[in-house]
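Worksheet: the structure to be examined is printed underneath.
Residue numbers (the working numbering): 145 to 621.
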């Protein structure tokens, strides 16, 4: 079955041509007088959304619906979810195979996980983390995880906090100048999820399934963002005498124009795609992440409005999900582009894949990611995330087995056979052919210069009319 046919079957089995996840989540919070009919197939738990404005497709699943499944059926559903999401197809118009979906989301799947800012402050209080002032992102400094958590909870109010972000820390050990530690407790929490367990950098679906987690170069990493917000400027107001003098001289201007009252602090990632390796072997790969909103503990010193941390749900019958595994407040506003346009985005918009670019275009989908959501990005998806409320993100790359097919027979694997490597870029291919042509021309000129010259003859013929071998024949005669 092709990817398109599987998508059509999902739509038919769900009885909904175009799924709308916001309406679905609102219905999940309502108490129904009549219980819904039982699902007959695992495909009934998967929903396809077609984003009308951008034309992209999104694959949805909901943890509060999966809670009724047994661990075996949950595992089968996870395999079906990943098979539908990461299955690729080829077209003549696209220079590389691409997935049908822009992103896949399992809503509410991280409800059983703790709030990570408080968890790290309790389990790893002396862990050195890097942060920066909220209005000066280039002024970085270090602090401990416990001090950072105290500043976050002290300034927290209504889903935002007015303190700097915590830059990414590694959860699988540090190399070089990285920050972090081997946090086995957090890795165990992640591995309890039936979806995330399969697609970790060393999971069953990874080409590095037998790898030691401490040797992983693809994460997981963890970071905390305060959320995009307007920061008030506490500037001193002008004195009345100065205002009167300027008014009498005819130079009076409004204070709103001369001194702004607030400044917008953006909190968004540049538009980029996730890559692995370096140099010409750099290639796109799948990206996975989970979101947890920042919630101060009940005993934390916060603002005048109290905020309580939501209780984590316990595993029932081996299934970590429960009927109340519903997404919370919105954490990220996401724009994801169709993976078939990856090279078009790189070429036409001049995206530098070595550094995060800031341009957007082509077919896309837009959606909000909420508290407790986990998301999966196929390779080649150019995306941009905007943080709208304070939250913690845990993310990593996974080199899927389907992206690295084993060579048939005794043939050694060649990097150039893969459509994801930079050698297949249209610009790099054109530059390579042009370079080869120039090299051939220079080699031909070098051969002409190294051939026996006709300079010994008193009247050497022009080289373009007489072959280079004729002077040798004339000397023999």
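Think of the CB as a built atom: it goes at the ideal place given N, C-alpha and C, for glycine as much as any other residue.
For residue 314, the first and last residue of its enclosing beta strand (DSSP E):
310-314
Ordered list of beta strand (DSSP E) runs contained in the region 208-294, each at least 3 residues
247-251, 272-275 and 285-288
With a 10 Å radius around its C-beta and 16 neighbouring C-beta atoms as the bar for buried, classify residue 211 as buried or exposed.
buried
Close Cβ partners of residue 527 (< 6 Å) along its chain, the five nearest in sequence each way excluded
480
Run through DSSP, which three-state label would residue 296 get?
helix
Tell me whether residue 319 sits in a helix, a strand or coil according to DSSP, three-state version.
coil
Can you have a look at residue 523 and say buried or exposed, based on whether 16 or more other CB atoms are within 10 angstroms of its CB?
buried
For the structure I just gave you, are there three or more beta carbon pairs, one from the region 276-286 and one from the region 307-317, closer than 8 Å?
yes
N-terminal and C-terminal residue of the alpha helix (DSSP H) that residue 365 is part of:
Element bounds for residue 365: not the alpha helix (DSSP H) but the beta strand (DSSP E), 365-369.
In angstroms, rounded to a whole number, what distance separates the CA positions of residue 337 and residue 250?
11 Å
Do three or more CB pairs link the region 252-265 to the region 215-224 at distances below 8 Å?
no
Rounded to whole angstroms, how far is the Cβ of residue 190 from the Cβ of residue 203, which I believe are closer than 8 Å?
7 Å
Does residue 530 come out as helix, strand or coil in the three-state DSSP assignment?
strand
Applying the criterion that 16 or more other CB atoms from any shown protein chain within 10 Å of the CB defines a buried residue, is residue 193 buried or exposed?
buried
So, does the region 352-368 touch the region 529-546, judging by three or more C-beta pairs under 8 Å?
yes
For residue 321, which option in 272, 582, 408 and 294 has the closest C-alpha, if you only look at C-alpha atoms?
272
With DSSP as the reference, label residue 358 as helix, strand or coil.
helix
In its own chain, which residues sit with a C-beta less than 8 Å from the C-beta of residue 350, not counting the 5 before and 5 after it?
343, 344, 542, 543, 544 and 545
Identify which residue in 483, 162, 247 and 585 has its Cα closest to the Cα of residue 432.
247
Applying the 10 Å Cβ sphere with the 16-neighbour rule, what's the burial state of residue 286?
exposed
Would you call the region 434-445 and the region 508-516 touching, i.e. three or more CB-CB distances under 8 Å?
yes
What's the C-alpha gap between residue 410 and residue 373?
7 Å
Rounded C-beta distance between residue 330 and residue 323? I'm assuming under 8 Å.
Contact flag wrong, Cβ pair sits at about 15 Å.
Kindly indicate the opening and closing residues of the alpha helix (DSSP H) around residue 333.
328-335
Name, in chain order, the residues that DSSP records as bridge partners for residue 420.
427
Do you know offhand how far residue 455's Cα is from residue 253's?
Reliability fails at residue 455, whose pLDDT of 48 lies under 50, so the model's placement of it is uncertain and no value is given.
Under 8 Å between the Cβ atoms of residue 477 and residue 530?
yes
Given that a residue counts as buried once 16 or more other Cβ atoms are within 10 Å of its Cβ, and exposed if not, what is residue 356?
exposed
Under 8 Å between the Cβ atoms of residue 265 and residue 369?
no
Where residue 257 and residue 443 are concerned, what is the direct C-alpha to C-alpha distance, given to the nearest angstrom?
20 Å
On a Cα-Cα basis, can you pick out the residue from 506, 375 and 429 that is closest to residue 299?
375
Smallest Cα separation from residue 416: which of 208, 594, 487 and 205?
487
Rounded C-alpha distance that separates residue 297 from residue 472
19 Å
On the CB-based measure, 16 or more other CB atoms within 10 Å of its CB, does residue 378 come out buried or exposed?
exposed
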